[in-house]
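Chains Z and X supply the protein sequences, listed in that same order. For the first sequence, the working numbering begins at 43 and goes up steadily by one. For the second sequence, the working numbering begins at 6 and goes up steadily by one. Contents: one structure, followed by commentary.
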Amino acid sequence: MSRFLESQTRHAVLALPSARDEAWRYTSLKSLEQRALVVGDRDAATREVPAALLESGVARIVFVNGAYRADLSDASATGVELAVSRRAASEASTAADTIVRLNALLASEHVTIHVATGARGVKPLHLVHVGVPATEGLAWYARISVELGAGATLAVVERFLAAAPHDHVGNVSNRLQLGAGAELAWTRVQGESETATLFTHTDAALEANARLEHASIDTGAVLARHAFEVELAAPGAVLRSRGVFALRGRQHGDTQLAVVHAARDTHCDIAYRGLADGRSRGVFGGTITMRPGADGADARLENKNLLLSPHAEIDTKPVLEIHADEVKASHGATVGQLDERALFYLRSRGIAEPEARSMLTYAFAAAMFDNHPERDRLLAPLGVGRTSEAWPADASPDGPAR
Amino acid sequence: MLKIDNLHVRVAGREILKGLSLEVAAGEVHAIMGPNGAGKSTLGYVLAGREGYEVTEGTVSYDGRDLLAMEPDERAAAGVFLAFQYPVEIPGVNNTYFLRAALNAQRKRRGEPELDSIAFLKLVREKLRVLHISDELLHRAVNEGFSGGEKKRNEIFQMAVLEPRLAILDETDSGLDIDALKLVADGVNKLRDPKRAFVVITHYQRLLDYIVPDRVHVLSDGRIVESGDKDLALKLEEQGYAWLRERRAEERAAFAASSGPAPL
């Protein structure tokens, strides 16, 4: 870089978060520091995506290595008028987090999905992010906004998957805006390549009486960080979130939730469950903030975790920051192991140990998605055939229908 | 079928079974009675293969095989079944799914064909019918939200489906009222078979009015101290277990008089 530029930009240089940043305390980016990566996949428009990965008959918007693929996308089945627009622009960002700022700076386009006031989506819209191997080290950036007008409803299924193993660094930013009385059901299934790195940042703002139903499962990537921030900005706004992360081998999965109650009578109900096997590391941070004036707010935050091997580790940190009166707030976090008595009971009936462990871990995770319309899809990555070190992505539960 | 010879077992550093011997042949129903702390549940757990039970001496032979060398799931496939005194609740694991997985795991190990869901449901519905158990059970998680009686009946139901050759009932009557007890006993009696043996572990004689044993053994202080027919059970009912302690005290006194230190 020229000395002039260096001198001019020195103060704008970004630094990766370090352990000194409270929000990154348990997630080290040292492995990322040394990688020189190309920004964006210049061949993304022509990369082949195996047909089996894209479900037919669903409304979908497809991104390949972060690039929007109009040829693979068709949102009409949602039954609502969805305006999908693309802006090519770098955007300014005042985010404190470098990972988030990089997205604003380097995403080459911004895809906006707009649902008109009062429009009610009939079928879910799939946002599909496919990682496809490339010849060089790649970092890709996708920037998406979903805007629901007042009274609009939409279901979105956000899927992260890989055509084949790769080691790209993906960075996705979702900005969700719900107008008054709008309802958004967001189902996230993160099953990226187990050698990939993935940063996802979802930022939601809810107007009066808007409702966000969120369900998420993370099983992929060697390093995944999922930051989910919700502002309950006006009275009556509600968030319900149920999530699971299931890690094995040397995976590192970090989930950071932050909910701000900024108005009266807002509610949030959050429950997350973590499973860590092998030498994996799970991190969970959940912060609920109630601002002055958020009287009548009601918040529940629960995180339960299971360690499945002596070398696995889970760090959990629930935080409540309350500056309002007349509120209800509770939080709880546990880290434990599989119930030995249950394990013995299953074995005493003839079930071999790996399968017995698998049944119990599946049951532990599945409890998060009871009655969820996308329950099968959410639990498929776990598969009852999953034993402690073998969770094939194509296995699926074989239990009788409830 | 089952031959236990001089079995010594330690649990959490304490010796609980102190030389237990027992022989059970196919077709027989043996009752094991005894005061609390005698080691009744320990016997059940050791036979089923639970961890934490250290065998320090003695052997257990099942069909001529060393039972203690087998993993719990191996024992199940070989036909051993323990009906637990306190069946654990397993939320999120569906009863039908679990039982089918168990049956098929056993069948696979034995080289028998596995049952698909349709064949399995047919089998299971038939067993439920015979035992007069509502099929609502099929939709629930294992023992979750079950009353004590329901849990015990679920154990008997599993036994009916898995068709073990050696069924050990660990205080199956504990916590049950008379009606529940009759239902459980009825279920067990329906499973009596010349090829099947039962070891019925109980504290009270009452169950044995309904499940009539061929042999009754008294387990006291880690050993079988007395064996007889069903009348022995009635005698215990009348006299309690105190006479055993008295008799032991007499034995120890006699032993001390004749030789050195007393037996344990």
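Ideal Cβ placement from N, Cα and C applies to all residues, glycine included.
Sequence-distant residues of the same chain with beta carbon closer than 6 Å to residue i, five excluded per side
i, result
"Z:Glu133", "Ala146"
"X:Glu20", "none"
"Z:Ala443", "With a pLDDT of only 28 at Z:Ala443, under the threshold of 50, the placement of this residue in the model should not be trusted; the figure read from the coordinates follows. Same-chain partners within the cutoff: there are none."
"Z:Asp381", "none"
"X:Ala74", "none"
"Z:Gly173", "Ala204, His208, His210, Glu234, Ser235, Ala238"
"Z:Lys370", "Asp340"
"Z:Ala227", "Ala197, Glu255"
"X:Ser122", "none"
"X:Thr101", "Leu143"
"Z:Gly374", "Glu344"
Beta-carbon neighbours of residue i, restricted to chain C and to distances below 8 Å
i, result
"X:Pro77", "This model lacks chain C altogether, as its protein chains are Z and X."
Among the options, nearest to residue i - alpha-carbon criterion
i, options, result
"X:Leu212", "X:Leu25, X:Ala31, X:Ile37, X:Glu28", "X:Ile37"
"Z:Glu344", "Z:Lys359, Z:Met332, Z:Asp337", "Z:Lys359"
"X:Ala146", "X:Val135, X:Asp78, X:Leu136, X:Asn159", "X:Asn159"
"Z:Leu124", "Z:Leu148, Z:His156, Z:Ala149, Z:Arg111", "Z:His156"
"X:Tyr50", "X:Asp198, X:Asn148, X:Tyr102, X:Leu22", "X:Leu22"
"X:Arg250", "X:Gly84, X:Gly39, X:Glu33", "X:Gly39"
"Z:Ala176", "Z:Leu190, Z:Val211, Z:Glu368, Z:Thr159", "Z:Val211"
"X:Lys235", "X:Glu255, X:Gln210, X:Ala258", "X:Gln210"
"Z:Ala305", "Z:Leu274, Z:Ala65, Z:Arg342, Z:Phe326", "Z:Leu274"
"X:Ala106", "X:Ala262, X:Ile95, X:Arg115, X:Glu119", "X:Glu119"
"Z:Ser322", "Z:Val172, Z:Ile356, Z:Ala137", "Z:Ile356"
"X:Tyr215", "X:His208, X:Asp191, X:Val135", "X:Asp191"
"Z:Glu317", "Z:Ser351, Z:Met332, Z:Arg342", "Correcting the residue identity first, residue 317 of chain Z is Leu in this sequence and not Glu. It is Z:Ser351."
"Z:Ile259", "Z:Gly99, Z:Arg417, Z:Leu74, Z:Lys72", "Z:Arg417"
"X:Ala31", "X:Lys200, X:Ala259, X:Ala83, X:Leu239", "X:Lys200"
"X:Asp71", "X:Leu52, X:Glu56, X:Tyr58", "X:Leu52"
"Z:Gln379", "Z:Ile393, Z:His353, Z:Ser372", "Z:His353"
Under 8 Å between C-beta atoms of residue i and residue j
i, j, result
"Z:Ala366", "Z:Gly335", "yes"
"X:Leu87", "X:Asp175", "yes"
"Z:Asn413", "Z:Thr376", "no"
"Z:Asn213", "Z:Ile141", "yes"
"X:Leu188", "X:Asp178", "no"
"Z:Val122", "Z:Ala161", "yes"
"Z:Ala266", "Z:Asp311", "no"
"Z:Val231", "Z:Arg419", "yes"
"Z:Leu385", "Z:Leu402", "yes"
"Z:Ala117", "Z:Val126", "yes"
"Z:Leu196", "Z:Gly163", "yes"
"X:Gly42", "X:Pro77", "no"
"Z:Thr229", "Z:Glu200", "yes"
"Z:Ser135", "Z:Arg128", "no"
"X:Ile95", "Z:Tyr387", "yes"
"X:Val85", "X:Leu171", "yes"
"X:Val93", "X:Gly57", "no"
Beta-carbon contacts of residue i that lie in its chain and below 8 Å, excluding the five residues immediately before and after
i, result
"Z:Glu97", "His168"
"Z:Trp433", "Reliability of the predicted coordinates at Z:Trp433 is poor, the pLDDT of 30 falling under 50, and the value obtained from them is presented with this limitation in mind. Closer than 8 Å at the Cβ level, and outside the excluded window around Z:Trp433, lie Thr261, Ala288, Arg290, Pro423, Leu424, Gly425."
"X:Gly4", "The structure shown does not extend to residue 4 of chain X, since chain X is modelled only from 6 to 269, so the question has no answer here."
"Z:Arg389", "Glu395, Ala398"
"X:His35", "Leu27, Val29, Ala202, Phe203, Val204, Val205, Pro218, Asp219, Arg220, Val221, His222"
"X:Arg1", "Absent from the structure is residue 1 of chain X, since the part of chain X shown begins at 6 and ends at 269."
"Z:Glu236", "Pro207, Gly262, Ala263, Val264, Gly291, Gln293"
"X:Ser46", "Gln90, Asp175, Glu176, Ile206"
"Z:Glu431", "Low confidence applies to Z:Glu431: its pLDDT is 31, below 50, so where it sits in the model is not reliable enough to give any reading."
Cβ neighbours of residue i in the same chain (closer than 7 Å, five flanking residues each side left out)
i, result
"X:Lys132", "Phe162, Ala165, Val166"
"Z:Met410", "Arg284, Gly285, Val286, Ala313, Arg315"
"Z:Ala300", "Glu271, Thr329"
Note to self: If the cut-off is 8 Å on Cβ atoms, which residues from the segment 173 to 199 of chain X count as contacting chain Z, listed in chain order?
What the structure shows: none
Check: Is the segment 245 to 257 of chain Z close to the segment 275 to 287 of chain Z, with three or more CB pairs under 8 Å?
Finding: yes
Checklist line | Cβ-based contacts, 8 Å cut-off: residues of the segment 55 to 75 of chain X near chain Z | finding: Arg55, Glu56
Next item on the list: Quick one: which residues of the segment 131 to 165 of chain X get their C-beta closer than 9 Å to a C-beta of chain Z? List them in chain order.
Entry: Leu143, His144, Ala146, Val147, Asn148, Gln163
Item checked: Contact residues within the segment 319 to 344 of chain Z, judged by C-beta distance below 8 Å to chain X -> none
Notebook entry, point to check: Are there three or more Cβ pairs, one per stretch, closer than 8 Å when the segment 111 to 131 of chain X is compared with the segment 237 to 246 of chain X?
Noted result: no
Next item on the list: Please confirm if the segment 90 to 104 of chain Z is in contact with the segment 63 to 80 of chain Z, defined as three or more CB-CB distances below 8 Å between the two stretches.
Entry: no
Notebook entry, point to check: When Cβ atoms are compared, which residues of the segment 200 to 214 of chain X fall closer than 9 Å to chain Z?
Noted result: none
Item checked: Proximal residues, the segment 166 to 195 of chain Z versus chain X, C-beta separation under 9 Å -> none
Notebook entry, point to check: Between the segment 261 to 271 of chain Z and the segment 233 to 246 of chain Z, do three or more beta carbon pairs fall short of 8 Å?
Noted result: yes
Next item on the list: Below 7 Å between beta carbons is the criterion; list the residues of the segment 291 to 313 of chain Z that meet it against any residue of chain X, in chain order.
Entry: none
Next item on the list: May I ask you to list, following chain order, the residues of the segment 398 to 422 of chain Z that have a beta carbon less than 9 Å from some beta carbon of chain X?
Entry: Ala398, Met401, Leu402, Tyr404, Ala405, Phe406, Ala407, Ala408, Ala409, Asp412
Note to self: Any C-beta of chain Z within less than 9 Å: which residues of the segment 92 to 103 of chain X qualify?
What the structure shows: Pro92, Val93, Glu94, Ile95, Pro96, Gly97, Val98, Asn99, Thr101, Tyr102, Phe103
Next item on the list: Could you run through the segment 358 to 385 of chain Z and flag, in chain order, every residue whose CB is less than 8 Å away from some CB of chain X?
Entry: Asp381, Glu382, Arg383, Ala384
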